[in-house]
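Comments concern the structure below.
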Amino acid sequence: MTEAEIAAYLQSSPEFFLRHPQALMPGEADAPGVATAGALRRQGLRIRLLERRVFDLQHASDDRVVAWQDLLHWACAMFGHRDEHSLPQWIVEESKKRLDVAQACVKLWDLRPEFAVCAFAQDVGDNARLLAASLTEPYCGPNTGLEVTQWLHDPHAAASIAVLPLRAGDNEEGPDWKNAPDWKKAASSPSFGLLVLGSADTHRFHGAMDTSLLAGVAALVGAALSRLR
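Numbering of the sequence shown is given in our numbering, commencing with residue 347 and proceeding in unit increments.
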């Protein structure tokens with residue numbers, strides 16, 4: 347292992363010195379006063395680690411606030427979009443821009459007759475409908491060749507994908523904004539579409555990621571597109 351690799355490991359694992367405090371003062375464990383000095387040094391290290399964690403949490407919190415504010419602005423524009431025929435494609439373009447993905451696609455079904463000939467209502471098979479009905483939250487993970495990825499303009503370039511089920515959300519009371527919205531409650535409504543996102547980055551969408559923001563996107567997009575039904 348090179349010095350660079352050791353340095354990289356220590357930067358990614360700052361708790362190493364808490365687990366192995368002797369590494370800070372090798373060979374001095376029995377020297378007079380070393381026990382006290384070592385305790386003080388470990389305490390200082392713990393304080394620095396706590397400060398780092400607080401900074402990381404604050405940074406993550408700030409990012410979430412910005413993301414939710416952007417989602418709110420997007421929702422206002424979404425519900426203000428008057429042309430129903432162009433709304434799905436407008437949402438596709440906005441999804442790529444606001445969610446920073448290279449590819450996106452919307453497909454809908456069970457719409458009013460005048461939308462049956464539109465591109466966003468074509469090429470929807472039973473597998474896509476079953477997938478949408480089975481999802482209670484967005485699916486995020488590698489592109490394993492799901493049928494819905496064929497809707498993207500370059501399916502093979504999408505290393506990771508997110509599949510968002512679209513529902514009308516017929517809950518008249520709306521979400522509980524005093525607490526974190528429980529988007530899963532909308533899963534009781536029938537699905538009528540999917541929003542598929544594709545990224546060339548294999549780590550952009552993965553099974554361990556927080557999907558609360560994407561669930562919020564799905565809920566708002568579903569509510570906005572429900573006027574086409």
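In this text, a Cβ means the ideal position worked out from N, Cα and C, and glycines have one as well. A quick note: this is a predicted structure, and the numbers were derived from the prediction, not measured.
Buried or exposed, going by whether 16 or more other CB atoms sit within 10 Å of the CB of residue i?
i	result
Leu482	The residue you asked about is not Leu; residue 482 is Thr in the sequence shown. Answer is exposed; the Cβ neighbour count stays below 16.
Pro511	buried
Cys422	exposed
Arg513	buried
Pro459	exposed
Trp455	buried
Thr495	buried
Val470	buried
Arg573	exposed
Leu476	exposed
Ala465	exposed
Leu503	The sequence given here has Ala at residue 503, not Leu. When all chains shown are included, Ala503 counts as exposed.
By DSSP, does residue i sit in helix, in strand, or in coil?
i	result
Ala508	strand
Val542	strand
Pro488	strand
Ala448	coil
Arg513	strand
Ser432	coil
Ser535	coil
Leu498	coil
Leu457	coil
Glu483	coil
Gly426	helix
Sorted by chain position, which residues of the same chain lie with C-beta nearer than 7 Å to residue i's C-beta, five sequence neighbours on each side aside?
i	result
Arg444	Asp416 and Trp420
His427	Leu433 and Trp436
Leu457	Ala467, Leu574 and Arg575
Val438	Ala450, Cys451 and Val452
Phe289	Here the chain has residues from 347 to 575 only, and residue 289 is not among them.
Glu493	Gly471, Asn473 and Ala474
Val563	Leu417 and Leu510
Spatial neighbours of residue i within its chain, please: C-beta separation below 6 Å, excluding the five flanking residues on both sides.
i	result
Ser441	Ala450
Ala478	Pro511, Ser537 and Leu540
Val447	Leu543 and Ser545
Phe461	Ala467 and Leu574
Leu559	Ala413
Specify, as a first and last residue, the run of the alpha helix (DSSP H) that residue i falls within.
i	result
Arg475	Asp472 to Ser480
Ser558	Ser558 to Leu571
Among the residues of its own chain, which have a CB less than 8 Å from the CB of residue i, if the five just before and after it don't count?
i	result
Ser506	Cys486, Gly487, Pro488, Asn489, Gly544, Ser545, Asp547, Thr548, His549, Arg550, Phe551 and His552
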